[in-house]
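**Student:** Quick one: structure below, then a few questions.
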Ligand SMILES: [Zn+2]
């Protein structure tokens, strides 16, 4: 080969590569973005359903159960947590642990410690104002293999994490496994506290799976969804996905009691005003908290379907813009003491009870709404259920200046232009002896 010939060949190669790299992005851009998005989400959902199968789920479930009863504080529980961490790492998620120490509930009045495992799939939209959490608890009670409670939820989180991590989504998804659930939602409380302290600019929607793998002969088509009122629109979307992709459950949708002492980790989100949907099997499992909570006593095809529905719902919400209002009381901060309008210090409560907020003298209430401002009609401020002020311009605020000697409930309601609403609330001990200007 002559030098000249080699030169010509090399030039042609370089020109060829350059033109490919120019043409290729042009072609990608020429696809109408609207059509591409729906198509690809539909395609993703179909692929997710294909990839989530019984074998994948049972693999995770048998590994978890093999550690023995996973009571918080035991070696088995620690091993299970380490196993989940390794799995998240193998799915290339941003993986971390959150160590917590907390005093148990009245049935377990002593100190416990453990760690939560968090695997994050970062969203690709840098302007996103929404983050999703999918959680389950990996601890069990003392005698129980905890296959359904809550091996089923953890297996679903792992299956969803392994499959969804193969795709890209707009919003960030956190896959989170808690311990300490059985002693009073201890792990999730620590996570909820941390989220409330650190998250300032995102709407949070949590999916909670606790016991999603058991059915009796009559409930193979029943699945329960308990969600906060603000995400009832999302429960309707989940119903549609359930029909559209032939998962075919009969869904029993209920509104979560806003402050009811929650039976599962969703409560640690709801107590701070974050939204949550809790998923439960159609019939309560009679083997729960006993040595018979085994894989043999579960309905594995049922668990596969419940995992599929939760996973595609997560994919759907993670790839759609937040078109419903999501309001959040930014200030005052729950758990703080205020004097003359200024934040002084945290209120010590020495237990895991609800955070107390104490306010002396008048104060400004600030609300943040996560949605395009043009889609917000107004924000209303209520005290003890009575409307005090309507604000139509951001930043939304209200000067709380009533005479007060005791506990008050402050509620903020945001209205979207299509009439959708979102509410946040807080209870305050409010002492204000005279009105100020
Ligand atoms: Zn449980």
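Numbering (this note's numbering), first residue to last: 22 to 458.
Every residue gets a Cβ at the ideal spot worked out from N, C-alpha and C, and that includes glycine.
In this text the structure is predicted, and so the values were computed from the model without any measurement.
Can you have a look at residue 449 and say buried or exposed, based on whether 16 or more other CB atoms are within 10 angstroms of its CB?
**Tutor:** Residue 449 comes out buried.
**Student:** My output table needs one value for residue 256: the three-state DSSP class, helix, strand or coil.
**Tutor:** Residue 256: helix per DSSP, three-state reduction.
**Student:** Output needed for residue 108: all residues of its chain with C-beta closer than 6 Å, excluding positions within five of it in sequence on either side, in chain order.
**Tutor:** Within the same chain, residue 108 has close Cβ partners 179.
**Student:** To the nearest angstrom, how far is the alpha carbon of residue 351 from that of residue 325?
**Tutor:** Using only the alpha carbons, I get a separation of about 40 Å.
**Student:** With H, G and I counted as helix, E and B as strand and the rest as coil, what does DSSP make of residue 173?
**Tutor:** Three-state DSSP puts residue 173 in a helix.
**Student:** Taking just the CA atoms, how far does residue 369 sit from residue 464?
**Tutor:** Past the edges of the chain, shown from 22 to 458, lies residue 464, and the structure says nothing about it.
**Student:** Would you kindly check if the distance between the Cβ of residue 343 and the Cβ of residue 151 is under 8 Å?
**Tutor:** A contact, by the Cβ cut-off of 8 Å.
**Student:** Taking the alpha-carbon positions, what's the residue 101 to residue 404 distance?
**Tutor:** Roughly 46 Å separates the two Cα atoms.
**Student:** Give me the Cβ distance between residue 213 and residue 292, rounded to the nearest whole Å; I'm assuming they're in contact under 8 Å.
**Tutor:** The pair is a contact, with the Cβ atoms about 7 Å apart (cut-off 8 Å).
**Student:** Does residue 90 come out as helix, strand or coil in the three-state DSSP assignment?
**Tutor:** DSSP places residue 90 in coil when its eight states are reduced to three.
**Student:** Report yes or no: do the segment 73-93 and the segment 169-179 share at least 3 C-beta pairs separated by less than 8 Å?
**Tutor:** Yes, the segment 73-93 is in contact with the segment 169-179.
**Student:** Start and end of the alpha helix (DSSP H) containing residue 291?
**Tutor:** Per DSSP, residue 291 belongs to the alpha helix (DSSP H) from 288-291.
**Student:** Put residue 219 into one of helix, strand or coil per three-state DSSP.
**Tutor:** Residue 219 falls in the helix class under three-state DSSP.
**Student:** Which residues share a DSSP beta bridge with residue 273?
**Tutor:** Partner(s): 245.
**Student:** Within its chain, find whatever has a CB closer than 8 Å to the CB of residue 331; leave out the 5 residues flanking it on each side and keep chain order.
**Tutor:** So the qualifying residues of the chain are 155, 177, 181, 228, 230, 233 and 300.
**Student:** I need the boundaries of the beta strand (DSSP E) containing residue 379, first residue and last residue.
**Tutor:** Where residue 379 is concerned, the enclosing beta strand (DSSP E) stretches over 379-381.
**Student:** Counting only the same chain and skipping the five closest in sequence on each side, list residues whose C-beta sits under 6 Å from that of residue 274.
**Tutor:** Counting only Cβ-Cβ distances below 6 Å, and skipping sequence neighbours, we find 246 and 256.
**Student:** Taking the alpha-carbon positions, what's the residue 119 to residue 458 distance?
**Tutor:** So the alpha carbons of these two residues sit roughly 45 Å apart.
**Student:** Could you tell me the boundaries of the beta strand (DSSP E) in which residue 435 lies?
**Tutor:** First-last of the beta strand (DSSP E) with residue 435: 428-437.
**Student:** Could you tell me the distance, in whole angstroms, from the CA atom of residue 376 to the CA atom of residue 76?
**Tutor:** Straight-line Cα distance between these residues: approximately 43 Å.
**Student:** Whole angstroms is fine: what's the gap from residue 57's alpha carbon to residue 67's?
**Tutor:** With a pLDDT of 38 at residue 57, under the threshold of 50, the predicted position of this residue should be treated as unreliable, though the coordinate-derived value follows. Residue 57 and residue 67: Cα-Cα distance of roughly 15 Å.
**Student:** Mark residue 267 as exposed unless 16 or more other C-beta atoms lie within 10 angstroms of its C-beta, in which case mark it buried.
**Tutor:** Exposed.
**Student:** Check residue 102 in the structure and name its three-state DSSP category.
**Tutor:** Helix.
**Student:** Find out if the Cβ-Cβ distance for the pair residue 390, residue 417 is shorter than 8 Å.
**Tutor:** In this structure, residue 417 lies closer than 8 Å to residue 390 by Cβ.
**Student:** Does DSSP put residue 305 in a helix, a strand or coil?
**Tutor:** Residue state, collapsed to three classes: coil.
**Student:** What separation, rounded to the nearest whole angstrom, lies between the Cα atoms of residue 134 and residue 123?
**Tutor:** Going by the C-alpha atoms only, they are around 6 Å apart.
**Student:** Answer with buried or exposed for residue 430, where buried requires no fewer than 16 other C-beta atoms within 10 angstroms of its C-beta.
**Tutor:** So residue 430 ends up on the exposed side.
**Student:** Pop quiz: residue 162 and residue 308 are said to be a contact at Cβ under 8 Å. What is the actual Cβ separation, rounded to whole angstroms?
**Tutor:** Incorrect: roughly 12 Å between the Cβ atoms, too far for contact.
**Student:** Please report the residue range of the beta strand (DSSP E) in which residue 363 lies.
**Tutor:** That run of the beta strand (DSSP E) goes 363-367.
**Student:** Any heavy atom of ligand 1 within a distance shorter than 7 Å of the CB on residue 158?
**Tutor:** The answer is yes for residue 158.
**Student:** Determine the burial state of residue 445: buried for a count of at least 16 other Cβ atoms within 10 Å of its Cβ, exposed for fewer.
**Tutor:** Buried, by the Cβ-count rule.
**Student:** When we look at the beta-carbon of residue 455 and count the other beta-carbons within 10 Å, is it buried (16 or more) or exposed?
**Tutor:** That one is exposed.
**Student:** Can you tell me which of 131, 355 and 130 puts its alpha carbon nearest to the alpha carbon of residue 219?
**Tutor:** Selected option, being the one with the closest Cα: 355.
**Student:** On the three-state DSSP scale, how would you describe residue 81?
**Tutor:** Residue state, collapsed to three classes: helix.
**Student:** Beta-carbon separation of residue 402 and residue 386 under 8 Å?
**Tutor:** Closer than 8 Å, so yes.
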